[in-house]
Structures are given as structure tokens and as C-alpha cells.
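Asker: What follows is a structure written as C-alpha cells; I'll ask about it next.
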């Protein structure tokens with residue numbers, strides 16, 4: 030029995046260590062998950078940024094009007110709440126306005142639109158993580 034224990038311990042003494050995934054906090058020096066942060070910035074790159082605070086995990090865009098629909102504009106706020114890559118570590122809020130008689134009026138945003146943005150960011154973040162682990 031002692032021999033079996035020694036053989037098991039001898040296997041642990043080698044210099045090679047199994048490859049393990051680093052926690053997101055160890056991969057970056059920002060305050061939030063680096064994959065979510067990068068994916069969020071890439072996702073909203075179509076709109077001008079008002080604020081991008083990597084320590085606090087907040088991205089705020091300025092109003093963006095799609096050239097194909099200039100009578101409507103949107104503004105996004107993305108908050109990353111954690112250093113882990115999890116769906117509940119991401120919150121997206123959107124404001125929408127429509128131009129009525131020359132003035133911008135608040136309009137409702139469909140919940141599916143916000144959910145779709147969250148899904149896009151999470152998918153990109155997972156892809157970035159897979160690419161980092163593969164290299």
C-alpha cells in the first residue's frame with residue numbers, strides 16, 4: 030500500500046504541469062472580464078463612445094442613427110458586473126428616440142433587442158476565450 034502511494038506521489042514530482050485555464054482576472058489588469066469587455070467594445074463599435082471605463086466596466090455610446098433610418102436613434106449602456114465570463118455578468122440597457130415633427134421623443138425599446146445584443150456580446154466573448162485558450 031505504501032508503494033502504491035509513493036508511485037502516485039512520484040508522478041506529481043515532474044516539472045510538467047497540466048495546462049489549466051487562467052481565471053479571467055489573471056489575464057488582464059482591468060477590473061472586469063477582459064473577454065466580455067473586448068466583445069462589448071467590438072459589438073458597439075458602430076456607435077460613437079461617450080464613456081468607456083474598464084475599471085468600472087461601463088460602456089456608454091452616444092446617440093446613433095442608422096443612415097437607412099435617420100428618423101430613429103439609439104443610445105446604449107453596457108455594464109460588465111464581474112470578472113467571470115457568465116451571462117449574469119453582463120447588463121445592456123438601450124434608449125430609443127424617434128424624430129416627431131423635428132424633435133426627438135422617447136420610444137419603447139423591445140426587450141428582444143436588448144436580449145439580442147447581450148447574446149451577441151456573450152457569443153463574441155466566448156469565441157475570444159476559445160481563441161485565447163487555443164493559442
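Numbering (the numbering used here), first residue to last: 30 to 164. Using N, Cα and C, we set each Cβ at its ideal position, and we do this for glycine too.
#1: Three-state secondary structure (DSSP) at residue 66?
#2: Which word fits residue 154, buried or exposed, when buried means at least 16 other C-beta atoms lie within 10 angstroms of its C-beta?
#3: With a CB to CB cut of under 7 Å and the five nearest residues on each side skipped, what residues in its chain are close to residue 127?
#4: Terminal residues of the continuous beta strand (DSSP E) containing residue 80?
#5: Leaving aside the five residues before and after residue 83 along the sequence, list all residues of the same chain whose C-beta is less than 8 Å from its C-beta, in chain order.
#6: Return the CA-CA distance between residue 139 and residue 164, expressed in angstroms with no decimal places.
#7: Could you name the residues of the same chain whose beta carbon sits closer than 6 Å to that of residue 122, not counting the 5 residues immediately before and after it, in chain order?
#8: Among 70, 109, 68 and 104, which residue has its Cα nearest to the Cα of residue 86?
#9: I'd like to know whether the C-beta atoms of residue 104 and residue 125 end up nearer to each other than 9 Å.
#10: DSSP beta-bridge partners for residue 101?
Answerer: In short:
#1: helix
#2: buried
#3: 100, 101, 134 and 136
#4: 78 to 82
#5: 59, 60, 61 and 66
#6: One C-alpha to the other measures close to 39 Å.
#7: 106
#8: 109
#9: Judged by their CB atoms, residue 104 and residue 125 are nearer to each other than the 9 Å cut-off.
#10: 127
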